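Numbering (our numbering), first residue to last: -9 to 254. First up is the structure itself, then whatever we jot down about it.
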Ligand SMILES: Nc1ncnc2c1ncn2[C@@H]1O[C@H](COP(=O)(O)OP(=O)(O)OP(=O)(O)O)[C@@H](O)[C@H]1O
Ligand SMILES: [Mg+2]
């Protein structure tokens, strides 16, 4: 059965597009037929990260009723299939995001895994992307505001009946100032399924329009994304995570968490 997974976050810029693109390629390398849909129709950049800008027919055209979804599917790096969002403002005005779910139903007939790169936040297009998929991966950075905003997205997903698979903590540094995995799991009340380090190769690859998992497969972020792909499809059991030292004391964050939960 086809899996549809939205890659979402509370805050912007946590790494959704990077992860959607590279996770898609990683899953293709594991032998799955993967389609990545850029559901961020207002701020499309999946096609840029994959070096596929300027494609003639995009999701905007499909959501405007001007083209069939089959015409907006392109084969990208590593054999992953891409549905670009399109960058035209006029196209954006004409597109009806509420058609997204129907579009996905068509795509599901021809693929094993559908990944949706969602817009940040909880505006209409983000909520539609969250509601349109069966499952959700929450991308957070290891800092408190990113996690608490992520919690709002997670709560909305649950209300919409989208199953939250877990959180991916992206851009982990070795500065030692970050939140521990156990703290993040306690706040989000979900498993951390991936830990991706801060890695200069990610930006370099994006600048060249190539997925980092293909351009620098041995880089720390690539290895973490490959591992995440394996975890998602159950190729092997979760290994001991790469980064984040477990902290013993909870301190201020645990206290803040209690306050936050009371308000939820
Ligand atoms: N692990 C990482 N190491 C270094 N840079 C990263 C990493 N992950 C993402 N980045 C960089 O962070 C920036 C934001 O990433 P990205 O565009 O994937 O985030 P996003 O969540 O899709 O943003 P938006 O909310 O605007 O759609 C990009 O410049 C990207 O190259
Ligand atoms: Mg993005």
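Even glycine gets a Cβ: it sits at the ideal position worked out from N, Cα and C. Fair warning: this is a prediction, and the values are worked out from it, not measured in the lab.
Contact between residue 10 and residue 107 holds: CB atoms are separated by about 4 Å, below the 8 Å threshold.
Residue 115 has its Cβ no nearer than 7 Å to any heavy atom of ligand 1. Between ligand 2 and the CB of residue 48, the shortest heavy atom gap is not smaller than 7 Å. The three-state secondary structure of residue 55, taken from DSSP, is coil. Relative to ligand 1, the nearest heavy atom lies less than 7 Å away from the CB of residue 186. Going by C-alpha positions, residue 133 is about 35 Å away from residue 48. Relative to the Cα of residue 76, the nearest Cα in the group 59, 51, 87, 202 belongs to 51.
Within 7 Å of the C-beta of residue 35 there is at least one heavy atom belonging to ligand 2. Residues of the same chain with a CB within less than 7 Å of the CB of residue 188, apart from the 5 flanking positions on each side, are 161, 162, 163 in chain order.
In this structure, residue 68 sits away from residue 27, with a CB-CB distance that is not shorter than 8 Å. In the three-state scheme derived from DSSP, where H, G and I count as helix and E and B as strand, residue 63 is classed as coil.
At least one heavy atom of ligand 2 sits closer than 7 Å to the Cβ of residue 107.
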